[in-house]
Amino acid sequence: MNNKSNERVYKMKFAVVYPLYVKKAERKNRTKDEVDQIIFWLTGYDQAGLQQQIQQENSFEAFFAQAPAMNPNCSQIKGVICGVRVEDIEDPLVQKVRYLDKLIDELAKGKVMEKILR
0 MNNKSNERVY KMKFAVVYPL YVKKAERKNR TKDEVDQIIF WLTGYDQAGL
50 QQQIQQENSF EAFFAQAPAM NPNCSQIKGV ICGVRVEDIE DPLVQKVRYL
100 DKLIDELAKG KVMEKILR
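The numbers in numbering that gives the first Met the number 0 rise by one with no breaks, and the one at position 21 of the sequence shown is 20.
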């Protein structure tokens, strides 16, 4: 991924992408609560912190910079998103965004939460 693409990811508003995550999950008979549980597990946010991020319309850059605590097991998230192996992504922020994308994909594909939340 080139720097221009990375810049786009940095500036993307979490509040715009979040409803898309929920919609993707709900199309596959999963719930908003499950999407939130994944976000809490990955970032350390609680419900109030997540709502604040959405209300402030923070970028992904701010969302991850302000995350209370990235889960130490996030390095166990492996697989392909958009044709790229998440474990091979060199840009730390882009990798975090792709970790979240991968977990939401796994939810939508019917994986059980115990397996998603490594």
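Idealized CB from N, CA, C, for every residue including glycine. These figures come from a predicted structure and were not determined experimentally.
| Item | Value |
| --- | --- |
| CB of V8 within 8 Å of CB of V85, strictly | no |
| Buried versus exposed, by CB contacts within 10 Å (16 or more), Q75 | exposed |
| Under 8 Å between C-beta atoms of N28 and V93 | no |
| Where I38 falls: helix, strand or coil (DSSP) | helix |
| Cβ neighbours of W40 in the same chain (closer than 7 Å, five flanking residues each side left out) | N70, L116 |
| Cut-off 6 Å between Cβ atoms - residues of its own chain near V34, not counting five sequence neighbours on either side | Y20, V21, A24 |
| Alpha-carbon spacing of A61 relative to K12, whole angstroms | 9 Å |
| Check whether I37 and I103 have beta carbons under 8 Å apart | yes |
| Within 8 Å, strictly: CB atoms of A66 and T42 | yes |
| Exposure label - K10; buried when at least 16 CB within 10 Å | exposed |
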